[in-house]
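Asks:
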Amino acid sequence: MLQKTVWAFSLAFVCCVASAQVTVKGRVLDAETGEPLAGVNVRADHSLKGGTTNAKGEFTVKDLPAGKQTLRITHVGYEPLRYSTSRSAANVVLRMTESHNNLGQVVVTGTGTHRRMADSPIPVNVITAKDIRDANIGTLEEALTKLTSSFSFSTSGMGTEMLINGLNSNYILILVNGRKMIGDDALMRVDMANVKRIEILNGSASALYGSDAIGGVVNIITDDSRNSVDASSTTRVSNHGRFTESVNLDVNAGKFSSYTSYRRQQSEGWQLNPMAETVNKKTKETELKPTDKQAFTGFYANTMSQHFSFAPNNRTTLYAQGSYYNFLTKRPVSEYKYNLYHTNYTYGFGMKYMVNKRAYIDADFYSDNYKSSYDYIKEDKEFKVGDKETRKEVTLYRGNIKSIVKLNEWNKLSAGLEYLDEKLTSESDKVSDKTLYTLALYAQDEWKITKGLEAVIGMRYIYNETFGDHFTPTASLMYKEGAFRTRFSFATGFRTPALSQIYGTNYSKKENRYTIGNLELDPEESKNFTLNMEYTKAWFSASLTGYLNNVKNMLWYLPISDEEAAKYGTFDAPVQQRANLHKVRVKGANVNVNAYLGLGFNVGAGYSLIDGKNLITGKRLDKSIKYAGNVNAQWAKNWGLYGLNINMVGRGQGQRYSETYDYHSSGFMLWDLNTGHTFNLKYLILNAGLGVENLFDWRDDRPWNSSKPYATVTPGRAFYASLTVRFRK
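Residues -20 to -1, 1 to 709 (mature numbering (1 follows the signal peptide of the UniProt record, and there is no 0)) make up the sequence shown, in order.
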């Protein structure tokens, strides 16, 4: 009798639990054409549950708790939707209306919380996966230059330097899903085939980000498909042996999810001119001599990553992740005695916990480990062929815990604790296991003051074991009335010197000069002011942003006497020391306009004016440009099973100034023509791309001269083909 009672009670309990859970199944269609939409994100409010539509537009969100549930439906290029229900539903049909701007896009970088881009008091620019696909973008560098006007790149055979509004990569924080990337070639490690969107924050306008964010933040958000199986392969080939292959496999089985990716990149090197410009030491006259030196160095690179997540219930998600990357240059033996070999591996784990509908906690630990070595290809007195010498080895450990609480209808509070520990080792610079830790506390309030008026007020407290403590307050205000939005931001920034700048010693053979560290360096500080005005309608959008960034104690180089240099060691060449020499002012304006003309035609343009000045010397900032712009025109048409996209992109910039060599490289304008062909099958999506880069074959074909950097290292007109095969179920 007791056994029967237990069985009956258990059965009743299971039935009650099952009946208490809500499951929503349905389809998402284009409101105009009635065609199914693939890749639509469907998320439940106040829950970690969600999904993505398959090729037939179908979705399923299971195991939601009893009570009223609201689903948020978002998709790039469409207006967001909401669907509410208090019980299970099996045949829901949702119709999305096409949007011709990105203001419905949800972003996280400005405030650290999910907000529509149009409603963020801190201005954030977004490059979507659709933008990347339409322009057939292959690298992060291409995305930032061709699809925005704020970025520029200075490229040589040794690598690439990124600049945003006149400030170089030392002042730009690169994140992937909110986690900091380190290393000289961090941009190379981003797989564009797996990018959902790129969020760009100009200046240090948020309290959530500390050191390195004086110039801005680039946050790459990766795809998180919730289909049962989502597999894709992307292949891209172009002139000069340029080849990229990306493979992704996402599997979701109940409470468990796995995301796996691999990418191979490779390219041959090329010259822009077979002659080198040199100076005869005796006559002091310029001479031309044959050379094998390359403007762009050949390379290969491999990137692998794995992410696991487990959701034991509606409120909790646990995850673990790891990645590995290697990179090797292929330089001619006749001109170089070593290649550059880089490796990087990361690992981390964390959790998200929904306390209730108004609060959640996010905690994680992350480690990024980067190593750069000289791989010798020519024997000399110290090294044999095949020997490796560690140029730089950097290890970063980061722990972070953050809570977001919606206090009431008017205030949302974010607060957290972050710990960073860095270590540097270098055989070539004779640095061994130098460490530096930083502790930060931060808090931010998103305040709805009244209808149409919102503010974000934040404070970050930083304690660095070498440079002491520092406060960096921030404040942003947004007023919106109809289609108009006005935003104003004030932020202070604080950047501690890198370990390599404090301890490192290196020798430049090009300049025959040593650069040594300085134990007495001071942190760099900034004050940033930004004013943004925006007008947006369904078919047209325009924005104007003005900014002023004052940086003091900027690091530069100070020549020192032989007597002073002798205190640091024995040198057989002139010596310069890193020092806080510069006070810098950067001001400028960015203008962006986009319009839908009807019948599938879209046009857009962006223009940036940049005035970066060293207030001590009166000269322009090193590697800076005065203006840059981009334009695009697109026509797209969908016939159901087949879609066609034709896209023209132009990118131009003014002369680049080199303070080191007191030289201006020429300005240029490059044009790309891209065509995209999409085939929607039952569970399969095919995207083929054909196009021409540098349509008008512009090249900076001056003779090689290390003192006169190239404006750009494009090899000239190049044809490419790409194919993406994606299976979703």
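Yeah, the Cβ is synthetic: ideal placement off N, Cα and C, and Gly gets one too.
#1: Please identify the residue among A275, M255 and N282 whose C-alpha is closest to the C-alpha of K269.
#2: Give the straight-line distance between the Cα atoms of V44 and L479, rounded to the nearest whole angstrom.
#3: How would you call W390, buried or exposed, if buried means at least 16 neighbouring beta carbons within 10 angstroms?
#4: Can you have a look at A608 and say buried or exposed, based on whether 16 or more other CB atoms are within 10 angstroms of its CB?
#5: G278 and K317 look like a contact to me (Cβ under 8 Å); what is the Cβ gap, rounded to whole Å?
#6: For the beta strand (DSSP E) containing E398, name the first residue and the last one.
#7: For G146, tell me which candidate among N116, L393, G118 and I194 has the shortest Cα-Cα distance.
#8: Does the Cβ of R62 have 16 or more other Cβ atoms within 10 Å, making it buried, or fewer, making it exposed?
#9: Please identify the residue among V259, T283, P312 and S303 whose C-alpha is closest to the C-alpha of D272.
#10: Would you tell me roughly how many angstroms separate the C-alpha atoms of D344 and E179, rounded to the nearest one?
#11: Would you call the region 291 to 299 and the region 327 to 346 in contact, with 3 or more CB pairs under 8 Å?
#12: By Cβ distance below 8 Å, which residues in the same chain neighbour R682 in space, the five residues on each side in sequence not counted?
#13: Return the CA-CA distance between I117 and D171, expressed in angstroms with no decimal places.
#14: Can you tell me the Cα-Cα spacing of H562 and L501, whole angstroms?
#15: Less than 8 Å between the CB atoms is what I'm expecting for T283 and R243, so what's the real figure, rounded?
#16: Can K235 and A300 be called in contact, C-beta distance under 8 Å?
#17: Once the 5 residues before and after V583 are set aside, which same chain residues still bring their CB inside 6 Å of it?
#18: Enumerate in chain order the residues of its own chain whose CB-to-CB distance from A166 is below 6 Å, with the five nearest sequence positions on each side excluded.
#19: Out of G526, Y700 and K662, which one is the CA nearest neighbour of G669?
#20: Could you tell me the distance, in whole angstroms, from the CA atom of P477 to the CA atom of K48?
#21: For the structure I just gave you, are there three or more beta carbon pairs, one from the region 105 to 123 and one from the region 461 to 468, closer than 8 Å?
#22: Report the rounded CA-to-CA distance for K42 versus S238, giving the unit in angstroms.
#23: Out of Y350, F676, L675 and T128, which one is the CA nearest neighbour of A405?
#24: Find the nearest neighbour of V564 within the set N508, H26, R708 and W615, judged by alpha-carbon distance.
#25: Can you list, in chain order, the residues of its chain with a C-beta nearer than 8 Å to that of T93? Leave out the 5 residues immediately preceding and following it.
#26: Between the C-alpha atoms of residue 711 and V4, what's the straight-line distance to the nearest angstrom?
#27: Exposed or buried, T597, counting other C-beta atoms within 10 Å across all chains shown (16 or more means buried)?
#28: Check whether the Cβ of Y637 sits closer than 7 Å to any heavy atom of the ligand FAD, and report yes or no.
#29: Just the Cα atoms here: how many angstroms apart are K593 and L143?
#30: For G632, which residues of its own chain have a beta-carbon under 6 Å away from its beta-carbon, when the five flanking residues on both sides are left out?
#31: Under three-state DSSP, which class holds Q481?
#32: Are the beta-carbon atoms of N570 and S129 separated by less than 8 Å?
#33: What's the call for P103, buried or exposed, on a 16-neighbour Cβ count within 10 Å?
#34: List in chain order: all unbroken alpha helix (DSSP H) runs of 4+ residues lying wholly within the region 524 to 551.
#35: For S408, which residues of its own chain have a beta-carbon under 6 Å away from its beta-carbon, when the five flanking residues on both sides are left out?
#36: Contact defined as beta carbons within less than 8 Å: I believe H80 pairs with W519. What is the distance between those atoms, to the nearest angstrom?
Replies: Put simply:
#1: With respect to the C-alpha of K269, the residue from A275, M255 and N282 having the closest C-alpha is M255.
#2: First, the residue type needs correcting, since residue 44 is Leu and not Val in the sequence shown. Whole-angstrom Cα-Cα distance: 49 Å.
#3: exposed
#4: buried
#5: Not a contact, Cβ separation roughly 17 Å.
#6: N391 to S406
#7: I194
#8: Here R62 is exposed: its Cβ has fewer than 16 other Cβ atoms, across all protein chains shown, within 10 Å.
#9: P312
#10: 21 Å
#11: yes
#12: Cβ within range, chain order: L252, N253, E257, K688 and Y690.
#13: 11 Å
#14: When rounded, the distance between both Cα atoms is 12 Å.
#15: Cβ-Cβ separation between T283 and R243: approximately 5 Å, consistent with a contact (criterion under 8 Å).
#16: no
#17: Counting only residues of its own chain and dropping the five nearest sequence neighbours on each side, V583 has a CB closer than 6 Å to the CB of A575 and A613.
#18: I154
#19: With distances taken between Cα atoms, G669 lies closest to Y700.
#20: 52 Å
#21: no
#22: 18 Å
#23: Here residue 405 turns out to be Thr, not Ala, going by the sequence shown. Ranking Y350, F676, L675 and T128 by Cα distance to T405 puts Y350 first.
#24: N508
#25: I384, K392, S394 and E426
#26: Because the chain in this structure spans residues -20 to 709, residue 711 falls outside the shown range and cannot be described.
#27: exposed
#28: This structure lacks the ligand FAD, and indeed carries no ligand of any kind.
#29: 14 Å
#30: G609 and M649
#31: helix
#32: yes
#33: buried
#34: 542 to 545
#35: E369 and R371
#36: Right, their Cβ atoms sit about 6 Å apart.
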